[in-house]
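Structure, as structure tokens:
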Amino acid sequence: MMICRRVILCAIILCLMHIAVLPATADVGVGAKPIEGAEMFIDGSREMLDKKWIYWEGPGFKSAMPIKWRIVDDPVDGGTVVMTDDPAAAGGRFGAADIVTKKQFRDFRLHIEFLIAKPGGNSGVYLQNRHEIQVLDGDKTTHGLAAIINESESPYHA
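Residues in the sequence shown are numbered from 248 upward in steps of one, following our numbering.
This is the structure we're talking about:
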């Protein structure tokens, strides 16, 4: 009887472990379909930008609500996209007009697609207010495109 319970318990644990890793093995890359239950936070619309995002009022903050990021025509796939050229950040004022989600997260899986529209473009995606994934055109160093600043080198440096 005790062995049967252990076998059943082990089978349940293995099933739960398999279910827990399914999302982590979903397709990745440009154009990947969202996994079941995924929540989208940027869809290229003003409505979603206003509904799900606010400015991060960090030490360099210079803007004011509503968010001034523009919705523009998508130069690749049609439709619209969010353009991050808030006038408050003109001249490279870092942190002057950064945005954060209204919703807070602990564990998550992130899929992001971006287009650097001009040579030398520099941006980034901060995770949990501490790790920056670098979005930087033309930098082939360890702090270049897709580097996690001070944590992980760019996979594209030569």
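Here a beta-carbon is modelled for each residue, glycine too, at the ideal position from N, C-alpha and C. This one's a predicted model, so the numbers in the text were calculated from it and none came from an experiment.
Problem set entry | Exposure of L374, with buried meaning 16 or more beta-carbon neighbours within 10 Å | So L374 counts as exposed.
Exercise. Are I314 and D290 close, meaning C-beta to C-beta below 8 Å?
Worked result: The answer is no: Cβ separation not under 8 Å.
For this session: Closer than 8 Å by C-beta to L362: which residues in its own chain qualify, once you throw out the five before and the five after it? Chain order, please.
Result: In its chain, beyond the 5 residues on either side, P322, V323 and V328 have a beta carbon closer than 8 Å to the beta carbon of L362.
Problem set entry | Span of the alpha helix (DSSP H) around E379 | Premise fails: E379 lies in the beta strand (DSSP E), H378 to L383, not in any alpha helix (DSSP H).
Problem set entry | Length of the line joining the Cα atoms of L269 and I318 | Because L269 sits at a pLDDT of 47, beneath the cut-off of 50, its placement in the model cannot be relied upon, and the point is left open.
For this session: Run the proximity test for T388: is its beta-carbon closer than 7 Å to any non-hydrogen atom belonging to the ligand GDP?
Result: Judged by which ligands are present, the structure shown has none, so any question about the ligand GDP falls away.
For this session: Output yes or no for whether 8 Å exceeds the beta carbon distance between W300 and I359.
Result: Contact flag unset, no.
Exercise. Distance, Cα to Cα, E283 vs D386?
Worked result: 35 Å
Exercise. Can you tell me the Cα-Cα spacing of G371 and G325, whole angstroms?
Worked result: 24 Å
For this session: Tell me where the beta strand (DSSP E) around M330 begins and ends.
Result: Counted as a single uninterrupted DSSP element, the beta strand (DSSP E) harbouring M330 occupies residues T327 to M330.
For this session: Check whether the Cβ atoms of T389 and E400 lie closer than 8 Å to each other.
Result: Yes, they are a contact pair.
Exercise. Just how far apart, CA to CA, sit P366 and P334?
Worked result: 20 Å
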